[in-house]
Amino acid sequence: MASINYATREISCKIVYYGPGLSGKTTNLQIIHRKIPDKDKSEMVSLATETDRTLFFDFLPLDLGSIKGFSTKFQLYTVPGQVYYNATRKLVLRGVDGVVFVVDSQVDKLQENLESFANLQENLREYGHSIENIPLVLQYNKRDLPNVYSIEQLNSLLNNLRLPHYEAIAATGVGVFTTLKAIGKSVIDKFNAKYAGFQGTRRPARPGEAAGAQAAPRPAAPQAPIAPPRPAPPSFAGYSNNPSSPAIPPRPVDGTRAPLNVPGSFGAAGQGPGVPGGFGAPPVPGGFGMGAPNPFASAPGQNPGGSAFGVPGAPKPGYPGVPPVFPPGAQAPGGGGPAGQGGFPFAGHNPGGAGGQGPGGGMPQQPGNPGFMGNPGIPVSPFVESFGKPAGAPVIPPNPPMGIPGMNPPLQNPFSGGGAPPAFGQTKPASTGGPGLPMGGGFPLSFPGPAGNQPGPQYPQQGGFGGPGQGFPSPPSQGFNSPGAPGVGTPAFGGPANAGFGSPPANVFGVPPAAGPFGNPPSAFGAPSPGSFGSQNPMGRPGPGSAFQPPPGKGGPQYPSQQPPTPPEAPPQNRPVGGQVDNSGIVTTYEDMAKDDSFKTRKLPHPSEKKKGFFDGLFKKGK
Amino acid sequence: MGDFVLYKEDIDRINKILSNLITESASAYVLLINKDGNLISQVGFSPNINVTSLAALAAGSFASTKAIATLIGETEFSVMFHQGDNQNIHISLVDEDVIMVLIFDDRTNLGLVKMIANQAKTKLGMVLKDVKTNGIPDIMPELMGGGGDQVQDKLDLLFPGDK
Numbered sequence: 001m002a003s004i005n006y007a008t009r010e011i012s013c014k015i016v017y018y019g020p021g022l023s024g025k026t027t028n029l030q031i032i033h034r035k036i037p038d039k040d041k042s043e044m045v046s047l048a049t050e051t052d053r054t055l056f057f058d059f060l061p062l063d064l065g066s067i068k069g070f071s072t073k074f075q076l077y078t079v080p081g082q083v084y085y086n087a088t089r090k091l092v093l094r095g096v097d098g099v100v101f102v103v104d105s106q107v108d109k110l111q112e113n114l115e116s117f118a119n120l121q122e123n124l125r126e127y128g129h130s131i132e133n134i135p136l137v138l139q140y141n142k143r144d145l146p147n148v149y150s151i152e153q154l155n156s157l158l159n160n161l162r163l164p165h166y167e168a169i170a171a172t173g174v175g176v177f178t179t180l181k182a183i184g185k186s187v188i189d190k191f192n193a194k195y196a197g198f199q200g201t202r203r204p205a206r207p208g209e210a211a212g213a214q215a216a217p218r219p220a221a222p223q224a225p226i227a228p229p230r231p232a233p234p235s236f237a238g239y240s241n242n243p244s245s246p247a248i249p250p251r252p253v254d255g256t257r258a259p260l261n262v263p264g265s266f267g268a269a270g271q272g273p274g275v276p277g278g279f280g281a282p283p284v285p286g287g288f289g290m291g292a293p294n295p296f297a298s299a300p301g302q303n304p305g306g307s308a309f310g311v312p313g314a315p316k317p318g319y320p321g322v323p324p325v326f327p328p329g330a331q332a333p334g335g336g337g338p339a340g341q342g343g344f345p346f347a348g349h350n351p352g353g354a355g356g357q358g359p360g361g362g363m364p365q366q367p368g369n370p371g372f373m374g375n376p377g378i379p380v381s382p383f384v385e386s387f388g389k390p391a392g393a394p395v396i397p398p399n400p401p402m403g404i405p406g407m408n409p410p411l412q413n414p415f416s417g418g419g420a421p422p423a424f425g426q427t428k429p430a431s432t433g434g435p436g437l438p439m440g441g442g443f444p445l446s447f448p449g450p451a452g453n454q455p456g457p458q459y460p461q462q463g464g465f466g467g468p469g470q471g472f473p474s475p476p477s478q479g480f481n482s483p484g485a486p487g488v489g490t491p492a493f494g495g496p497a498n499a500g501f502g503s504p505p506a507n508v509f510g511v512p513p514a515a516g517p518f519g520n521p522p523s524a525f526g527a528p529s530p531g532s533f534g535s536q537n538p539m540g541r542p543g544p545g546s547a548f549q550p551p552p553g554k555g556g557p558q559y560p561s562q563q564p565p566t567p568p569e570a571p572p573q574n575r576p577v578g579g580q581v582d583n584s585g586i587v588t589t590y591e592d593m594a595k596d597d598s599f600k601t602r603k604l605p606h607p608s609e610k611k612k613g614f615f616d617g618l619f620k621k622g623k
Numbered sequence: 001m002g003d004f005v006l007y008k009e010d011i012d013r014i015n016k017i018l019s020n021l022i023t024e025s026a027s028a029y030v031l032l033i034n035k036d037g038n039l040i041s042q043v044g045f046s047p048n049i050n051v052t053s054l055a056a057l058a059a060g061s062f063a064s065t066k067a068i069a070t071l072i073g074e075t076e077f078s079v080m081f082h083q084g085d086n087q088n089i090h091i092s093l094v095d096e097d098v099i100m101v102l103i104f105d106d107r108t109n110l111g112l113v114k115m116i117a118n119q120a121k122t123k124l125g126m127v128l129k130d131v132k133t134n135g136i137p138d139i140m141p142e143l144m145g146g147g148g149d150q151v152q153d154k155l156d157l158l159f160p161g162d163k
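Going down the list, the protein sequences come from chains Y and Z.
For the first sequence, my numbering gives the first residue as 1, with consecutive numbering after it.
For the second sequence, my numbering gives the first residue as 1, with consecutive numbering after it.
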């Protein structure tokens, strides 16, 4: 039973070397392992006794590379040959695709060969195979020893089925690869035979898949002439799925359900250090602030965002051996709030900032999104309000579907959201007049400093930006700033704090649009204007921070006039509304979450609820 | 038992569940493997873990535990837990063919991991049920046509001069 993974485009076949004890099965694998070129070399696992007798199995993965678009891998196993290890031998045979029966050619080993061959038949039968229907080759080993049977004799004794047979001297490598090639061909040819003239029995796509397969246009880019495909899932650290999947079905989306951008994965300009950190997962009080790891850590010119994986109450240093690397000016994860999670540097190897999560943190509200965040009582999970395009900042240009070489269709930057360029001055300030979200925990918003050495437009300080508990005192030279501690309560937007957002479109990532390997629009941040921060009541209740709440369309803070040119208006309903992004890059919108049971179980405390202290209720007053 | 065919959509669904599992249980890494030792999916943060070997060994370990279980009259053990000084491993059966391997350290605790893993197991079971109804796609014959010779060519490339 081979494993065919269409997501990773991998076919994995299991080949077992079978035979009597000391016939040379492990030696075969050792020779193969020794001869694998270093660049392809993988570790060989041997579960052997102290005397180097195989106890359970030897295991050698062998990557053949791409065959017809599929990465083909052989997993070579040996079995323990001794008779009394039959139980483990049987286990190894599970799921076998092909068998090499290694025969000890010596005359006095004939009985063992016969017993082992009978045992193979018996064990295969238990898994529903037989030697007739499974690819099987014989290797007559130890041909260099004296007192061996001739090939004709061995064939008459063992090979009644006229199986392919090969002579070998495994100790010196003779015949080892001939055998391997023969069984490899045999296994794959078996596939051929199995699927020859096959019409395909793939079941109809489930609802949701079907829409996905129709290349549904991304709502945020209505102007795009070609519907951009759904972004490929970012690979997690060490996560190798889908490294080069050529066929990525777009996610089914409709007008009201927009995929979410992934903060925490923005690369700053290639020359810029600062990257916003991850997003928090506030539903767990004091819970994890887990950033989306940057899947494209190797993308040229992209500075991957880090993420913090904070564990409640357990500030820990980084994962052993992999200290987090933060860019200069970045703050360590977990520094964002009093929750005080030490960052579990989930993507600590990625340069880039990581934001911890603090209850005092807020979420940045998109400008020009009247109604959504402002609606009191919308029980949306306070996951991520995306850095997507503001409604007033329409898409220019449409997401250029840039491809990674060899990828078809081109991947789109999953984090680009609508891909709106910064549009300061044109964006309408958000109207989040309502009490806001019932957020339990806020977001570790780590806003990028100036992207690279090109700070964007500097805005005069706007008093009243930022509510209590939210401060963004970012000097332009600082690449990364965590939200201040709660209770700062000052007009916290330190003027040029938003320099990073104000960067000219092409400079946010430092990647020219055409060179953006992942389809970065000129500014994937969507450039919320400073006004967007002011519009957000970080604590989710009316307060000083929400004092600045101009109604939509009435103009927000008046910025200097050196803004980028006015882009055309984008339909507001198409802007990303938020959601959650998981490690695989799957974007979960609020709608998804509402349907998902696991999200329903997370009850969020209303901000107005008084936090009950430990001693409350233990002692009664007046008594 | 037919071939195990996974599509992008399946992997997406699986990874979503695994990601939530990692987040909620504060584990470091999770592998989904089948009992043959093939890796289905993996999510998490693994510095220098040889996941291929890990998958093969975990499957082997699970298989041998199953053999032990039959000796004492059980069909199989559905959960295995190995505790180390720093890292622990929690291996659980998702359905009759698929095993979930969860690696975690002392940032979390076994009880939480067990609970969250159990929840994830149910969800994964539903996805895997769908996976098992996956047929073979139409492109299969085209893909595999002549594959056998290509394998030999690849092996010739990999081991030049070895006969």
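Don't be surprised by glycine CBs; every beta carbon is placed ideally from N, CA and C.
For Z:S25 and Y:G21, the rounded distance between their alpha carbons: One alpha carbon belongs to Y:G21, the other to Z:S25, and they sit about 45 Å apart.
Counting only beta-carbon atoms, is Z:I83 nearer than 8 Å to chain Y? For clarity, residue 83 of chain Z is Gln in the given sequence; the question names Ile instead. Closer than 8 Å: no.
I need the DSSP call for Z:G60, collapsed to helix, strand or coil. Z:G60: helix per DSSP, three-state reduction.
Can you list the residues of chain Y that Z:A63 reaches, using a CB-CB cut of under 7 Å? Neighbourhood of Z:A63 in chain Y, by CB distance below 7 Å: L91, R94, in chain order.
Assign Y:Q139 to one of two classes, buried (16 or more other C-beta atoms within 10 Å of its C-beta) or exposed (fewer than that). Its Cβ being crowded by 16 or more others within 10 Å, Y:Q139 is buried.
CA-to-CA distance, Z:L71 to Z:A117, given in whole angstroms: Taking the straight line from one Cα to the other gives about 27 Å.
Could you check if Y:A182 is buried or exposed, using at least 16 other CB atoms within 10 Å of its CB as the buried criterion? Residue environment for Y:A182: buried (at least 16 other C-beta atoms within 10 angstroms of its C-beta).
Using the C-alpha atoms, what's the distance from Z:H82 back to Z:M126? The alpha-carbon atoms of Z:M126 and Z:H82 are separated by roughly 27 Å.
Taking 8 Å as the threshold, find out whether the segment 102-112 of chain Z comes into contact with the segment 18-32 of chain Z through three or more Cβ pairs. The segment 102-112 of chain Z is in contact with the segment 18-32 of chain Z.
Report yes if the CB atom of Y:L64 is closer than 8 Å to the CB atom of Y:M44, and no otherwise. A distance of 8 Å or more separates the beta carbons of Y:L64 and Y:M44.
For the beta strand (DSSP E) that contains Z:G44, what are its first and last residues? Segment 39-44, the beta strand (DSSP E) holding Z:G44.
Min CB distance Y:V79 to chain Z below 8 Å: Y:V79 does not count as touching chain Z.
Count the other C-beta atoms from every protein chain shown that fall within 10 angstroms of the C-beta of Z:A56, then say buried if there are 16 or more, exposed otherwise. Per the 10 Å Cβ criterion, buried.
Cβ separation of Y:Q75 and Y:S12, assumed to be a contact under 8 Å, to the nearest whole Å: Cβ-Cβ separation between Y:Q75 and Y:S12: approximately 6 Å, consistent with a contact (criterion under 8 Å).
Quick one: list the residues of chain Y neighbouring Z:N50, beta-carbon separation under 7 Å, in chain order. Result: E43.
Verify whether the separation of the beta carbon atoms of Y:K14 and Y:G95 is less than 8 Å. With contacts defined by Cβ atoms closer than 8 Å, Y:K14 and Y:G95 form a contacting pair.
What number of angstroms, rounded off, separates the C-alpha of Y:Q563 from the C-alpha of Z:N15? In this prediction, Y:Q563 has a pLDDT of 45, which is less than 50 and means its spatial position is unreliable; what the coordinates show is noted afterwards. So the alpha carbons of these two residues sit roughly 41 Å apart.
Could you check what DSSP says for Y:T78 in three-state terms: helix, strand or coil? Residue state, collapsed to three classes: strand.
Compute the distance between the beta-carbons of Y:V79 and Y:N141, then report whether it is under 8 Å. Against a cut-off of 8 Å, the Cβ pair of Y:N141 and Y:V79 comes out as no contact.
At a CB-CB cut-off below 8 Å, which residues of chain Z make contact with Y:L64? Taking a Cβ-Cβ threshold of 8 Å, the residues of chain Z close to Y:L64 are V151, K154, L155, L158, in chain order.
Please confirm whether Z:G73 has its beta-carbon closer than 8 Å to some beta-carbon of chain Y. By this cut-off, Z:G73 is not an interface position.
In terms of DSSP beta bridges, what is Z:F81 paired with? The partner list for Z:F81 (beta bridge, DSSP) reads Z:H90.
Quick check on Z:N34 - is its C-beta less than 8 Å from some C-beta in chain Y? Taking Cβ atoms only, chain Y reaches closer than 8 Å to Z:N34, which makes this a yes.
Are the C-beta of Y:G101 and some C-beta of chain Z separated by less than 8 Å? The displayed chain sequence assigns Phe, not Gly, to residue 101 of chain Y. For Y:F101, the closest Cβ of chain Z is not nearer than 8 Å.
Would you list the one or two residues that DSSP bridges to Y:Q106? In DSSP, Y:Q106 forms a bridge with Y:V148.
Tell me the residue span of the beta strand (DSSP E) that contains Z:D36. For Z:D36, there is no enclosing beta strand (DSSP E), as DSSP marks it with neither H nor E.
Tell me, please, which residues DSSP counts as bridged to Z:M104. Per the sequence presented here, residue 104 of chain Z reads as Phe, with Met not at that position. In DSSP, Z:F104 forms a bridge with Z:N88.
Contacts of Z:S53 in chain Y (Cβ-Cβ under 7 Å): Result: E43, V45, F59.
Buried/exposed call for Z:L157, threshold 16 Cβ in 10 Å: Using a 10 angstroms sphere on the CB of Z:L157, the tally of other CB atoms stays under 16, which defines it as exposed.
Just curious, the beta strand (DSSP E) that Y:A168 is in, first and last residue? Counted as a single uninterrupted DSSP element, the stretch harbouring Y:A168 is not any beta strand (DSSP E), since DSSP gives it neither H nor E.
If I follow the unbroken alpha helix (DSSP H) through Z:A117, where does it start and stop? It spans 110-132 - the alpha helix (DSSP H) in which Z:A117 sits, taken as one unbroken run.
Considering only the beta carbon of each residue, do Y:K68 and Z:Q152 sit closer than 8 Å? One thing to note: Y:K68 has its Cβ no nearer than 8 Å to the Cβ of Z:Q152.
Contacting residues, own chain, Cβ-Cβ under 8 Å from Z:S61 (five flanking each side not counted): Cβ contact annotation for Z:S61 (same chain, cutoff 8 Å, sequence separation greater than five): M80, I91, in chain order.
Local Cβ density within 10 Å of Y:P37, reported as buried at 16 or more and exposed below that: The residue in question, Y:P37, is exposed, as its Cβ has fewer than 16 Cβ neighbours within 10 Å.
Beta-carbon proximity check, Y:L136 vs Y:F101, cutoff 8 Å: Yes, the Cβ-Cβ distance between Y:L136 and Y:F101 is below 8 Å.
Checking contacts by CB at 8 Å: is Z:V5 closer than that to chain Y? Z:V5 has a beta carbon lying within less than 8 Å of a beta carbon in chain Y.
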